[in-house]
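Take a look at the structure set out below.
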Amino acid sequence: MTRDPERDPRLDAVRAAAGTDDRLDDVSRARIWSGLDRALDAEPRRPNAGGARRRRRAGWVAATALCATAAGVALWLTTADRARPRGPVQVLDVPAGASVHAQLGPAAAVTLYGAARLVVADGRGDVDVALDRGALAGDYDHARGGRLRIRTPHATVEIVGTVFAVEVGTATCVSVAHGLVEVRARVRRRLAAGASWCTDAPALRPIPPVIEARMAEHAGRAIVAAAEPVASPPVAPLSAVEPPLDEPPLEAAPSLGEPLLQPARPVAAVTPGRRPAPELEPEPEPELAPPPEPAPEPPPEPVPPRKPAVAAGPDAELYAAAEAALRNGDTEQADALLAHLVVDHPGSDLLDEALFERARLAYRARRWTAAGAILDQLLDGPPSPLRAPARLLACRIAVQTRDRDAAACLDQLRRDHPTAAFATEVLELRVQVAFDRGGCKAAAPFLTELVAAAPRRTLTTQWQRRCQEAPR
Amino acid sequence: MRAWLLVMGALAGGPRPVPSSAADDDALAARARAGDRAAFEQLYRRHADVVYARLSRLVGPVAERDDLTQEVFLGLHRALPRFRGDATVTTLLYRITANVAFDHLRRRRRRPSQPLDEATLAGLISHDAGPDERARRAQELARVFACLDRIKPAKRVALLLRVVEGLSFAEIGAIVDAAPEAAKKRVQHGLRELTALLARAGVGGEEVRP
């Protein structure tokens, strides 16, 4: 005779525990509303707000829609694809002077520079966005599948896998730092790394310095984020990651029922830019990092890498093939191709990228020793713009593995790059390392710095909560 | 911080809970959808306590509950433009709450935070109990939450909706966006795992050594 598991007496303890401290007090209730009120002020206007008013104008809408449909079909037949993304949409308005970093599904992330407006369709799988105005820098990781398409009033930009920028003014200008982008306007153009083109111009142009800086800044964020080994989430909702500093943080909506803007989550990996930034901006950490357990790892991989059984070819072809393998989700083949590039083309311009990419793949697979050895190769090699992110990745490995040198690694990185955009990220890691060693007391000086440097970051608040005695 | 608390003190009694009825909720939702912030505040007042309590039951007495409650209502605000009254506001909120709890548990699982320690839990237990009794209960709470933390978020949410909230499988399915059969399986698997973990941890009996 089987016993009903729901009547197991042990579950009484669960019921009792679940009811522990579940009352909302007046102060918390008021505080939550206060935060909510501010967050609502920062919410973008929904395109379908004011539905009641629109219903009163249903007749007008129907007639207008008929005309608009006819005009739209005509327009679609004669010009570039200007349609808005289909499916549930959300609007991200960024005021002038502000920048917002947003995760678009598992594979794409953009930094929007205000004044800008981005209309985003459902982020599950393919990502379809419309940039009405303003500029963005973005990255797209084809290793995670799907497709990124950006529609502007003048063109449709298909991202194959790259670090890129799109500006919308009187024309649409697209710049590519790394990878490949296809732009469809009146003519169709494929832009490779280093190219920039505006839809109203007959020829390519050099990438403007300000755009180059934005792409580098964005690539820096993504590289930092890419260092985080994360399990692929079952659902990849759209997520706004970083609000403008002068606004309260955008908080989350659920992903199962209503997949809308969400708070920070570890960002998808990205292929690093050919022109990465010397100054990198950090990715906000969504949650207070715990004292990490030393992670197990598979047997270390031999370094220098084994020569894979693949056809030999020029370095660029190997790199392109590795990118294609990543696009297909075949990280093993990509790693083998990159290893081949490293072994056979030690003088290649792509050597640093290949090494960094290999290190990143190893890191994501939690092969710490292999990742560290590959990074050593990169750091021992000729000067490269990827050195700073490589050092950051090395420090993160040290933190993950609870290496005794983690603190020294972070301290040295802070000394060498005191004003880097990833400085806050490093400081957060430093707080964590100090906390692991000596609790809040040891973390207090770094937490004080963190509070001064990034008072509004979620992680800062969480650390403050945890270490009540730390100065606010 | 203190100044802020003073301001909050002045607000005490501000957004207090208000009894809720479905018809009133629908009317408030319609006004809130049209941009009426006061109506949305009314909705918040009506449901904040329930949402907070549900979140507490789903994720435990963690410090992030205030933020999660805020997330739920932001989610509600974002969902309102598509809310056509097919379900009640309460149902919609329940669904959003479960999703926010699920997301939180998933994030926490990915980068697990420190488990609830006994000292914190002891502070949540009634002071009517003696120190020994409080220590014992805190220890048991810590074990229970440690066991719950080992259950996958989807199963945890489903089984708590069943065991603690007492919902039917159909209701659970509607909340977690799954078929009733799928919800039932989640609950059953979660229950099996949880009871085994509880037994091994000695909750409600002697600790079982494997």
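Residue numbers (the working numbering), protein chains in the order written: chain A, 122 to 593; chain B, 924 to 1133. From the three backbone atoms N, C-alpha and C, an ideal C-beta is built for every residue, glycine too. Given the structure is predicted, the values throughout are model-derived calculations rather than measurements.
Buried versus exposed call for residue i [16 or more other C-beta atoms within 10 Å across all chains shown]
{"i": "V520 of chain A", "result": "buried"}
{"i": "D146 of chain A", "result": "exposed"}
{"i": "Q533 of chain A", "result": "exposed"}
{"i": "P423 of chain A", "result": "Low local confidence applies: a pLDDT of 37 at P423 of chain A is under 50, so the model's placement there is unreliable, with the coordinate-based value given in what follows. Exposed, by the Cβ-count rule."}
{"i": "R1030 of chain B", "result": "buried"}
{"i": "G468 of chain A", "result": "exposed"}
{"i": "E453 of chain A", "result": "exposed"}
{"i": "R309 of chain A", "result": "exposed"}
{"i": "A390 of chain A", "result": "For A390 of chain A, the pLDDT reaches just 31, beneath the cut-off of 50, and the residue's location in the model is therefore unreliable, leaving the point undetermined."}
{"i": "D214 of chain A", "result": "buried"}
{"i": "D129 of chain A", "result": "buried"}
{"i": "S220 of chain A", "result": "buried"}
{"i": "T540 of chain A", "result": "exposed"}
{"i": "L928 of chain B", "result": "Reliability of the predicted coordinates at L928 of chain B is poor, the pLDDT of 35 falling under 50, and no value is obtained from them."}
{"i": "D456 of chain A", "result": "buried"}
{"i": "P435 of chain A", "result": "exposed"}
{"i": "E438 of chain A", "result": "exposed"}
{"i": "E288 of chain A", "result": "buried"}
Residue i at chain A interface by Cβ criterion, 9 angstroms
{"i": "T1013 of chain B", "result": "no"}
{"i": "R1115 of chain B", "result": "yes"}
{"i": "P1054 of chain B", "result": "no"}
{"i": "P984 of chain B", "result": "yes"}
{"i": "A1081 of chain B", "result": "no"}
{"i": "D989 of chain B", "result": "yes"}
{"i": "E1104 of chain B", "result": "no"}
{"i": "I1048 of chain B", "result": "yes"}
{"i": "G1008 of chain B", "result": "no"}
{"i": "D948 of chain B", "result": "no"}
{"i": "D1072 of chain B", "result": "no"}
{"i": "L1028 of chain B", "result": "no"}
{"i": "E1094 of chain B", "result": "no"}
{"i": "Q1111 of chain B", "result": "yes"}
Rounded C-alpha distance that separates residue i from residue j
{"i": "L1120 of chain B", "j": "A139 of chain A", "result": "16 angstroms"}
{"i": "D1055 of chain B", "j": "Q1062 of chain B", "result": "11 angstroms"}
{"i": "H1000 of chain B", "j": "R956 of chain B", "result": "8 angstroms"}
{"i": "V985 of chain B", "j": "A151 of chain A", "result": "19 angstroms"}
{"i": "A313 of chain A", "j": "Y234 of chain A", "result": "23 angstroms"}
{"i": "Y484 of chain A", "j": "L981 of chain B", "result": "33 angstroms"}
{"i": "K1096 of chain B", "j": "T1014 of chain B", "result": "It is worth fixing the name first, because residue 1096 of chain B is Gly in this sequence and not Lys. Cα to Cα, G1096 of chain B sits roughly 12 angstroms from T1014 of chain B."}
{"i": "E279 of chain A", "j": "I271 of chain A", "result": "7 angstroms"}
{"i": "A334 of chain A", "j": "E303 of chain A", "result": "22 angstroms"}
{"i": "L132 of chain A", "j": "P126 of chain A", "result": "9 angstroms"}
{"i": "T1020 of chain B", "j": "R1033 of chain B", "result": "20 angstroms"}
{"i": "L496 of chain A", "j": "L548 of chain A", "result": "21 angstroms"}
{"i": "F1092 of chain B", "j": "A1024 of chain B", "result": "18 angstroms"}
{"i": "Q585 of chain A", "j": "T293 of chain A", "result": "44 angstroms"}
{"i": "L571 of chain A", "j": "A544 of chain A", "result": "10 angstroms"}
{"i": "S376 of chain A", "j": "P503 of chain A", "result": "Reliability fails at S376 of chain A, whose pLDDT of 28 lies under 50, so the model's placement of it is uncertain and no value is given."}
{"i": "D321 of chain A", "j": "D253 of chain A", "result": "17 angstroms"}
{"i": "G1113 of chain B", "j": "D947 of chain B", "result": "37 angstroms"}
{"i": "I1048 of chain B", "j": "V148 of chain A", "result": "20 angstroms"}
{"i": "L1083 of chain B", "j": "E1094 of chain B", "result": "13 angstroms"}
Nearest-angstrom Cβ-Cβ length linking residue i and residue j, presumed shorter than 8 angstroms
{"i": "T992 of chain B", "j": "Y975 of chain B", "result": "5 angstroms"}
{"i": "A62 of chain A", "j": "A217 of chain A", "result": "For chain A, the structure presents residues 122 to 593; residue 62 of chain A sits outside this window and is missing."}
{"i": "E338 of chain A", "j": "T232 of chain A", "result": "7 angstroms"}
{"i": "L1064 of chain B", "j": "L1044 of chain B", "result": "5 angstroms"}
{"i": "L1028 of chain B", "j": "P1076 of chain B", "result": "4 angstroms"}
{"i": "F1006 of chain B", "j": "A952 of chain B", "result": "6 angstroms"}
Limits of the unbroken beta strand (DSSP E) element including residue i
{"i": "V982 of chain B", "result": "V982 of chain B -> not in any beta strand (DSSP E); alpha helix (DSSP H) instead, spanning R960 to V982."}
{"i": "H466 of chain A", "result": "Neither: H466 of chain A is in no beta strand (DSSP E) and is coded neither H nor E."}
{"i": "L252 of chain A", "result": "V248 to Y261"}
{"i": "L239 of chain A", "result": "A229 to V241"}
{"i": "T293 of chain A", "result": "T293 to R305"}
Neighbour flag for residue i against chain B, beta carbons, 9 angstroms
{"i": "I271 of chain A", "result": "no"}
{"i": "I153 of chain A", "result": "yes"}
{"i": "V345 of chain A", "result": "Summary for V345 of chain A: the model assigns pLDDT 48, below 50, so the residue's position carries little reliability; its value from the coordinates is reported in the next sentence. No - not a single Cβ of chain B is within 9 angstroms of the one on V345 of chain A."}
{"i": "T141 of chain A", "result": "yes"}
{"i": "D451 of chain A", "result": "no"}
{"i": "R558 of chain A", "result": "no"}
Where the alpha helix (DSSP H) through residue i begins and ends
{"i": "H622 of chain A", "result": "A question about residue 622 of chain A goes unanswered here, because the residues of chain A that appear run from 122 up to 593."}
{"i": "R272 of chain A", "result": "Here R272 of chain A belongs to no alpha helix (DSSP H); instead the beta strand (DSSP E) covers L269 to R272."}
{"i": "S149 of chain A", "result": "D147 to A163"}
{"i": "L534 of chain A", "result": "A527 to D537"}
Cβ of residue i within 9 angstroms of any chain E Cβ
{"i": "R150 of chain A", "result": "The displayed structure is made up of protein chains A and B, and chain E is not among them."}
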